[in-house]
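**Q** Below are the structure tokens for one structure; questions will follow.
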Amino acid sequence: MAPHPIIQAIIDFSAGAMGGTACVLSGQPFDTAKVKMQTFPTLYRGFIHCFTSTFRQVGLRGLYKGTSPALIASISENAVLFLSYGLCQDVIRFVSSMEKGAHLSDIQKACAGSLSSIFSSMALCPSELVKCRLQAMHEMEASGKIAIGQKSTVWTVVKTVLKTDGPLGFYQGLTSTLVREIPGYFCFFGAYEMCRTKFAQYKGTDKDSIGILPLMFSGGFGGACLWLTIYPIDCVKSRIQVYSLAGRQEGFMKTFMGVIRTESFTALYSGLTPTMIRTFPANGALFLAYELSRKFFMDTAGY
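Counting in full-length UniProt numbering, the sequence shown runs from 1 upward without gaps.
Right, dumping it as structure tokens:
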């Protein structure tokens, strides 16, 4: 028996939140290095240099700078994402003239994931802006873009945004977030579902019974496909959100063309190494936590 739509939505929302928490806790230092390298590519020779420099200058806490807003960002994004993912699958069935609850192909699930990213972007953008500013605060001071000695806590960043730009200031970078998420999550869910299908065919079982390691690999593979597809867009988003701390920041296209004109196209891929290192453990943990908690909640509810 299928669960009531409201119960199903609560389960998907809760399981998504659990997945988002696991994703951040397993990959935050790599995400910090990524944001630093995206916004200040000339300061670091590579991932190891960025990692060791941050550790030497600020200590271990520097690598976990922005963890609180990162948790808020990831929990809110993934809770809304997986809630919307279930609802958008019903939209895909409706558009495709399929019966409610009918099995979707991997491509159809990818389309549902892409559609659901529109809603998750609205939840993600404000907290990710705070996270990125906290992660790059040291470099902003060192480069002279902002005054030295500013307090860098979640609350001080929130107050600064509200004071200078108002509530809508939290949505600086929303356009680039949407441009990033819509194709990115098509690849994310598409690669994840297709990888699970291949494992199920190889092991002669259904997709829900492939085991923990194949499940985590499928999540990591989905994450790798997402980042390889949208990384330059994410770089532009990070610059808009961080540089807006020093004043009014240009929009997506002006920032994008400015990077290419002054730094070359390769600057848009600065920080890709820590991102790819991070993607398998972080996204593997994301889907493992999501699938296991979702199964637990379904069993607990008696479905």
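Note that CB positions come from ideal geometry on N, CA and C, so glycine has one too.
In chain order, which continuous runs of the alpha helix (DSSP H) of length 4 or greater are located wholly inside the stretch 45 to 118?
**A** Qualifying alpha helix (DSSP H) stretches, in chain order: 47 to 58, 60 to 63, 67 to 95.
**Q** To the nearest angstrom, report how far apart Pro37 and Gly46 are at their CA atoms.
**A** Here residue 37 refers to the residue found at position 37 of the sequence shown. Here residue 46 refers to the residue found at position 46 of the sequence shown. The displayed chain sequence assigns Met, not Pro, to residue 37. Roughly 8 Å separates the two Cα atoms.
**Q** Among Glu99, Val95, Val24, whose alpha-carbon lies nearest the alpha-carbon of Cys111?
**A** Counting from one through the sequence shown, the residue named residue 111 turns up at place 111. Among Glu99, Val95, Val24, the Cα nearest to that of Cys111 belongs to Val95.
**Q** Around the C-beta of Gln201, are 16 or more other C-beta atoms found within 10 angstroms, so that it is buried, or is it exposed?
**A** For the purposes of this step, residue 201 is identified with residue 201 of the sequence shown, where counting begins at 1. Gln201 is exposed by the Cβ-count criterion.
**Q** In angstroms with no decimal places, state the Cα-to-Cα distance between Tyr303 and Ala73.
**A** The residue given as residue 303 occupies position 303 in the sequence shown. The residue given as residue 73 occupies position 73 in the sequence shown. One C-alpha to the other measures close to 30 Å.
**Q** Work out the CA separation of Gln108 and Arg294 for me, nearest whole Å.
**A** Position 294 of the sequence shown, counted from the start, is the residue given in the question as residue 294. Position 108 of the sequence shown, counted from the start, is the residue given in the question as residue 108. Near 21 Å, if we compare the C-alpha coordinates of Gln108 and Arg294.
**Q** Going by beta-carbon coordinates alone, are Phe30 and Pro232 separated by less than 7 Å?
**A** Here residue 30 corresponds to residue number 30 of the sequence shown, with the count starting at 1. Here residue 232 corresponds to residue number 232 of the sequence shown, with the count starting at 1. No, the pair does not count as a contact, with Cβ atoms beyond the cut-off.
**Q** Tell me the residue span of the alpha helix (DSSP H) that contains Lys159.
**A** Within the sequence shown, the letter at position 159 stands for residue 159. Lys159 -> alpha helix (DSSP H) spans 154 to 165.
**Q** What residue does the alpha helix (DSSP H) around Ile148 start on, and which one ends it?
**A** Position 148 of the sequence shown, counted from the start, is the residue given in the question as residue 148. That residue, Ile148, is in no alpha helix (DSSP H); it is neither H nor E in DSSP.
**Q** Check whether the Cβ atoms of Ile240 and Gly173 sit closer than 7 Å, and answer yes or no.
**A** As a position in the sequence shown, residue 240 is number 240, starting the count at 1. As a position in the sequence shown, residue 173 is number 173, starting the count at 1. Cβ atoms of Ile240 and Gly173: closer than 7 Å.
**Q** By the 10 Å Cβ neighbour count, where 16 or more other Cβ atoms means buried, how is Ser127 classified, buried or exposed?
**A** Taking the first residue of the sequence shown as 1, we reach residue 127 at position 127. Counting Cβ neighbours within 10 Å, Ser127 comes out buried, since at least 16 surround it.
**Q** When you compare only the Cα positions, how much space is there between Gly211 and Met98?
**A** By one-based count along the sequence shown, residue 211 stands at place 211. By one-based count along the sequence shown, residue 98 stands at place 98. The straight-line gap from Cα to Cα measures roughly 30 Å.
**Q** Under the rule that 16 or more other beta-carbon atoms within 10 Å means buried, what is Leu129, buried or exposed?
**A** Against the sequence shown, residue 129 aligns to sequence position 129. With 16 or more Cβ atoms within 10 Å of its Cβ, Leu129 is classed as buried.
**Q** From the DSSP output, in three-state form, read off Tyr303 for me.
**A** As a first step, residue 303 is located in the sequence shown; it is residue number 303 there, counting from the start. Tyr303: coil per DSSP, three-state reduction.
**Q** Span of the alpha helix (DSSP H) holding Leu178?
**A** Residue mapping note: residue 178 aligns to position 178 of the sequence shown, counting from 1. Residues 174 to 203.
**Q** Assuming Gly27 and Ala282 form a contact by the criterion Cβ under 8 Å, report the distance between their Cβ atoms to the nearest whole angstrom.
**A** Against the sequence shown, residue 27 aligns to sequence position 27. Against the sequence shown, residue 282 aligns to sequence position 282. Gly27 to Ala282, Cβ: 3 Å. Contact.
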